[in-house]
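A.B. asks:
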Amino acid sequence: MTELKELIKQRATIRSRITLFERFLTPLKCLDSVTERNKLINNELSLRLTKFQELSYTFDEVQSKIEGLDSDLSKQMEEREQTENQFFQLIVTAQEFLEAYNDSKLKQGDESSCRGSSASITNHVKLPPLKIPPYSGDTKRNAKVYQWKICSNCLRNDHLSYQCRLAGCRVCKRRHNTLLHRSNNLPSGSQPRQSQSSSSPRHEIQNNVEPSTNNLPNSLEATINSKNGSASPNPIVTVSAGSSNLALLATAVVEVSNNGNIFKLRALLDNGSQYSFITEAARAKLACVTTKESQYVSGLQNATVGIAEHCNIKVQSTYSSYSCDVTCYVLPVITDVLPQAEIRVNELDIPSNLQLADPAFFRPGDIDLLLGAEIFWDVLGSSQVKLGRDKPVLRETLLGWIVAGRNWVNYYKRPNKVYCNFSKTIQEQLVKFWELE
Numbered sequence: 001m002t003e004l005k006e007l008i009k010q011r012a013t014i015r016s017r018i019t020l021f022e023r024f025l026t027p028l029k030c031l032d033s034v035t036e037r038n039k040l041i042n043n044e045l046s047l048r049l050t051k052f053q054e055l056s057y058t059f060d061e062v063q064s065k066i067e068g069l070d071s072d073l074s075k076q077m078e079e080r081e082q083t084e085n086q087f088f089q090l091i092v093t094a095q096e097f098l099e100a101y102n103d104s105k106l107k108q109g110d111e112s113s114c115r116g117s118s119a120s121i122t123n124h125v126k127l128p129p130l131k132i133p134p135y136s137g138d139t140k141r142n143a144k145v146y147q148w149k150i151c152s153n154c155l156r157n158d159h160l161s162y163q164c165r166l167a168g169c170r171v172c173k174r175r176h177n178t179l180l181h182r183s184n185n186l187p188s189g190s191q192p193r194q195s196q197s198s199s200s201p202r203h204e205i206q207n208n209v210e211p212s213t214n215n216l217p218n219s220l221e222a223t224i225n226s227k228n229g230s231a232s233p234n235p236i237v238t239v240s241a242g243s244s245n246l247a248l249l250a251t252a253v254v255e256v257s258n259n260g261n262i263f264k265l266r267a268l269l270d271n272g273s274q275y276s277f278i279t280e281a282a283r284a285k286l287a288c289v290t291t292k293e294s295q296y297v298s299g300l301q302n303a304t305v306g307i308a309e310h311c312n313i314k315v316q317s318t319y320s321s322y323s324c325d326v327t328c329y330v331l332p333v334i335t336d337v338l339p340q341a342e343i344r345v346n347e348l349d350i351p352s353n354l355q356l357a358d359p360a361f362f363r364p365g366d367i368d369l370l371l372g373a374e375i376f377w378d379v380l381g382s383s384q385v386k387l388g389r390d391k392p393v394l395r396e397t398l399l400g401w402i403v404a405g406r407n408w409v410n411y412y413k414r415p416n417k418v419y420c421n422f423s424k425t426i427q428e429q430l431v432k433f434w435e436l437e
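Count the sequence shown with full-length UniProt numbering and you get residues 1 to 437, in order.
#1: Rounded to a whole number of angstroms, what is the C-alpha to C-alpha distance between Leu331 and Thr26?
#2: Within 10 angstroms of the Cβ of Val237, are there 16 or more other Cβ atoms? Answer buried if so, exposed if not.
#3: Can you tell me which of Cys172, Ile262, Arg363 and Thr335 puts its alpha carbon nearest to the alpha carbon of Leu269?
#4: Excluding sequence positions up to five away, which residues of its chain have a Cβ less than 7 angstroms from the Cβ of Cys164?
#5: Lys285 lies in the alpha helix (DSSP H); which residues open and close that run?
#6: To which residues of the same chain is His159 closer than 8 angstroms at the C-beta, ignoring the five residues directly before and after it?
#7: Rounded to a whole number of angstroms, what is the C-alpha to C-alpha distance between Asn142 and Ser383?
#8: For Val337, which residues in the same chain have their Cβ closer than 8 angstroms to its Cβ, ignoring the five residues on either side in sequence?
#9: Considering Cα atoms alone, identify which of Lys144, Ser46 and Ile14 is closest to Arg80.
#10: Which same chain residues, not among the five before or five after Ser257, have their C-beta less than 6 angstroms away from its C-beta?
#11: Run through the DSSP bridge pairs and tell me what Lys314 is partnered with.
#12: Can you tell me which of Ser352, Val289, Lys386 and Trp377 puts its alpha carbon nearest to the alpha carbon of Leu69?
#13: What's the gap between the Cα of Asp378 and the Cα of Leu387?
#14: Based on Cα-Cα distance, which residue from Gln340, Leu348 and Tyr296 lies nearest to Tyr329?
#15: Compute the beta-carbon to beta-carbon distance between Trp401 and Gln355, rounded to the nearest angstrom, for a pair I have assumed lies under 8 angstroms.
#16: Candidates Ala250, Ile307, Phe21 and Ser323: which alpha carbon is nearest Asn271's?
#17: Would you report the Cα separation of Phe97 and Ser321, rounded to the nearest angstrom?
#18: Taking the C-alpha atoms as reference points, what is the distance between Ala252 and Phe361?
#19: Give the straight-line distance between the Cα atoms of Tyr57 and Glu84, rounded to the nearest whole angstrom.
#20: Have a look at Gly306, Cys311, Phe21 and Gln274 and flag the residue whose alpha-carbon is nearest the alpha-carbon of Thr291.
#21: Return the residue from the list Glu293, Ala373, Ala267 and Ile307 that minimises the CA-CA distance to Ser273.
#22: What is the rounded straight-line gap between the Cα of Ile18 and the Cα of Phe24?
#23: Measuring straight from C-alpha to C-alpha, what distance separates Pro359 and Ala281?
#24: Out of curiosity, what's the CA-to-CA distance linking Glu99 and Thr50?
#25: Nearest to Leu55 by CA position, among Phe87, Gln316 and Ser46, is which residue?
#26: Give every residue of the same chain whose Cβ lies closer than 8 angstroms to the Cβ of Glu78, excluding the five residues on either side of it in the sequence, and list them in chain order.
#27: Taking the DSSP output, what are the residues bridged to Arg175?
#28: Can you look up Phe21 in the DSSP assignment and give me helix, strand or coil?
#29: Taking only the alpha-carbon atoms, compute the straight-line gap between Leu4 and Ile66 and give it to the nearest angstrom.
This is the structure:
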């Protein structure tokens with residue numbers, strides 16, 4: 001109870017900092033033109049925006065801990081939604097200010113260069129107009145850009161949008177990607193048009209990425225091979241996949257320590273993997289010393305992910321006294337968020353006297369750690385609780401009660417993707433996402 005009160009105090013402090021940032025933005029909205037906001041103000045705004053975005057990540061961590069301790073989940077979900085919406089609105093407003101200022105500087109540079117260069121050109125080549133499909137104004141893409149912490153102009157993750165040097169939108173010339181352009185002229189309820197020539201390939205791509213689940217295997221085999229690329233006759237690592245039958249995979253929150261540093265990480269329990277894995281972000285948080293490796297993971301359709309190092313960590317249960325030493329291979333990312341979509345947890349009727357291994361199992365979240373078969377069968381208990389037809393099963397483990405299995409009816413929005421736990425970098429996933437769009 002004391003820990004919950006302390007976390008609520010931290011959240012209150014975060015709210016006060018949100019208010020301070022909002023007060024800083026309010027006078028800027030009253031200025032008539034971009035030129036009235038001088039370079040000094042914009043530099044200060046960029047610094048404040050960076051710290052404000054870091055504050056949003058801190059809020060997410062604090063709120064997740066509160067939700068894990070508070071029994072009133074619906075109240076905490078409303079609290080999260082309200083505060084995150086406030087973060088989104090203020091960040092977008094600040095980015096628009098910075099983009100407008102940068103646009104004005106680029107426009108001034110373009111005008112000066114045009115006056116001194118093309119006066120003697122008499123022959124002009126007229127190119128055919130490029131028609132760009134209008135965007136309906138849906139903010140889901142923008143939310144993904146914010147969630148993945150990438151530049152909204154070039155969709156890369158090594159800088160912010162106001163620091164980007166590439167050209168902006170081809171429609172409005174502002175500093176965001178053309179795919180994120182919002183069309184304000186669409187009538188309500190209308191859908192963006194697409195030419196017939198582009199609709200056919202898109203249909204084929206959807207057929208390729210959404211195969212029939214009747215032919216999907218229960219697990220995808222992956223193999224760690226040596227650097228020389230010689231094929232191993234026996235698969236070393238098998239990796240489970242979440243398919244479109246909406247199966248819920250088992251997750252747990254564990255304490256992980258290294259050299260006295262203790263953090264809570266979200267782990268995926270995978271009895272189909274012969275080894276354990278950790279994300280680069282989690283390894284960096286723990287400050288683990290790594291050992292260099294020259295191996296790679298080979299998965300679906302021989303897609304490979306390189307492995308350059310591994311590290312040793314100690315996993316401690318928050319449910320019991322169980323602990324173990326684990327060797328983890330380091331990967332940039334293990335899987336997409338799990339579960340694939342938010343679950344109506346109230347409809348599952350989970351007994352209140354059971355301590356869950358992952359109290360927030362029903363909400364999509366990042367996976368920091370994958371614990372393979374050796375750990376899985378070591379912690380698995382014999383007690384289980386069936387929640388009903390087409391619902392998941394509760395299974396007792398030394399890490400707490402895990403929730404896994406079929407979950408046919410309890411998603412707020414049914415996902416339509418098939419996930420393999422081992423995937424390439426977020427940037428590559430995002431590029432494929434835009435190509436499909």
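Backbone N, C-alpha and C define an ideal beta-carbon position, used for all residues, glycine too.
C.D. replies: Concretely, from the data shown:
#1: Straight-line Cα distance between these residues: approximately 43 angstroms.
#2: The predicted model places Val237 with a pLDDT of 45, which falls under 50 and marks its position as unreliable, so this point remains unresolved.
#3: Checking every option, the nearest Cα to that of Leu269 belongs to Thr335.
#4: Apart from the 5 residues on each side of it in sequence, Cys164 sits with its Cβ closer than 7 angstroms to the Cβ of Cys151, Asn153, Cys154 and Arg175 in its chain, given in chain order.
#5: For Lys285, the uninterrupted alpha helix (DSSP H) segment begins and ends at Glu280 to Leu286.
#6: The residues are Cys151.
#7: Taking C-alpha positions only, Asn142 is separated from Ser383 by approximately 44 angstroms.
#8: Around Val337: Pro364, Gly365, Asp366 and Ile367.
#9: Closest by C-alpha distance to Arg80, out of Lys144, Ser46 and Ile14, is Ile14.
#10: The residues are Lys314.
#11: Under the DSSP definition of a beta bridge, Lys314 partners with Ser257 and Asp325.
#12: The shortest C-alpha separation from Leu69 is found at Ser352.
#13: Cα to Cα, Asp378 sits roughly 24 angstroms from Leu387.
#14: Among Gln340, Leu348 and Tyr296, the Cα nearest to that of Tyr329 belongs to Tyr296.
#15: Sure, about 6 angstroms apart at Cβ, within 8 angstroms.
#16: Among Ala250, Ile307, Phe21 and Ser323, the Cα nearest to that of Asn271 is on Ala250.
#17: If I take the Cα positions, the gap works out to 52 angstroms.
#18: So the alpha carbons of these two residues sit roughly 8 angstroms apart.
#19: Taking the straight line joining both Cα atoms gives about 10 angstroms.
#20: For Thr291, the closest alpha carbon among the candidates Gly306, Cys311, Phe21 and Gln274 is that of Cys311.
#21: Taking only the C-alpha atoms, the option nearest Ser273 is Ala373.
#22: If I take the Cα positions, the gap works out to 10 angstroms.
#23: Going from the Cα of Pro359 to the Cα of Ala281 covers about 22 angstroms.
#24: The straight-line gap from Cα to Cα measures roughly 15 angstroms.
#25: Answer by Cα proximity: Phe87.
#26: Cβ-Cβ distances below 8 angstroms link Glu78 to nothing in the same chain once the five nearest sequence neighbours on each side are left out.
#27: The partner list for Arg175 (beta bridge, DSSP) is empty, contrary to what the question assumes.
#28: In this structure, DSSP gives Phe21 a helical state, which the three-state scheme calls helix.
#29: So the alpha carbons of these two residues sit roughly 6 angstroms apart.
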